[in-house]
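Novice: If you count the sequence shown from 1, position 24 lands on 66 in this note's numbering, and the numbers rise without skipping. Glycine included, each C-beta is placed from N, C-alpha and C at the ideal position.
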Amino acid sequence: TSLAAVWLCLSVQSELLHVSWPLEILECEDGKPIYDTSGNLIARGISIRMGIHCGTPSSEPDPITNRMDYCSMVNRSARICGNVGGGEIMCSGKINYSINRTGRETGYSKLQPPQAIDEIRQMRVHIVDVGEVKLKGLEVPENISLLYPSQLARCQNWGPEGASTPSSRVQFSVE
């Protein structure tokens with residue numbers, strides 16, 4: 043489900059801080075531990091970018107290969123992931139809507155695992171609205187947001203202008 047995907051992404055980003063990375067990774071520029079101004083660890087080791095979108099994919103046979111070609115939702119998911127920086131989670135408006143509904147009973151909420159809802163609440167997810175972004179190859183722009191577990195919420199200011207700056211590319215360079 044969409045909230046199980048959010049829970050997974052939040053959990054993985056948090057756990058990556060505590061992986062026993064090889065020394066070669068921790069000594070390279072992109073793998074060095076990074077601390078915020080309060081001394082909290084906010085990055086260490088390999089940074090993984092994650093993009094989340096939900097929906098039912100449409101499919102049609104490819105006229106040349108006769109294999110199924112999955113369109114729309116799958117392409118949108120890939121484009122969202124392509125716009126996020128390492129160590130960040132970017133989500134579509136549909137996912138953002140699901141997160142904001144975790145405290146309310148809806149017909150859809152019975153499909154969401156209660157454990158995922160509880161874990162997301164405990165992680166106190168921070169949502170940073172990036173705004174409407176034109177995704178490569180798609181006609182309709184997507185309203186996207188960045189997600190952070192509370193312990194990594196300080197990461198949102200890594201870019202030169204901060205992550206909340208609307209753009210087609212979210213900056214992540216740490217220098």
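Could you tell me which residues DSSP pairs with Glu174 in its beta bridges?
Specialist: Asn185
Novice: From Ile131 to Pro103, what does the alpha carbon distance come to, in whole angstroms?
Specialist: 32 Å
Novice: Looking at the strands, I want to know which residues DSSP matches up with Leu83.
Specialist: DSSP, once it has assigned bridges, lists Tyr77 as partnering Leu83.
Novice: In three-state DSSP terms, what is Glu69?
Specialist: helix
Novice: Do Pro191 and Gln55 count as a contact pair if the criterion is CB distance below 8 Å?
Specialist: yes
Novice: When you compare each of Gly97, Glu57, Ala47 to Arg86 by their alpha carbons, which one comes out closest?
Specialist: Glu57
Novice: Inspect the beta-carbon positions of Leu45 and Arg118 and report whether they are closer than 8 Å.
Specialist: no
Novice: What's the gap between the Cα of Gln193 and the Cα of Ile94?
Specialist: One C-alpha to the other measures close to 20 Å.
Novice: Is the Cβ-Cβ distance between Ile67 and Tyr77 less than 8 Å?
Specialist: no
Novice: Sorted by chain position, which residues of the same chain lie with C-beta nearer than 6 Å to Glu161's C-beta, five sequence neighbours on each side aside?
Specialist: Trp49
Novice: Along the beta strand (DSSP E) that carries Ser101, what are the first and last residues, could you check?
Specialist: 100-103
Novice: So, with DSSP's three-state summary, where would you put Ile122?
Specialist: helix
Novice: Return the first residue and the last residue of the alpha helix (DSSP H) that Cys51 is part of.
Specialist: 44-57
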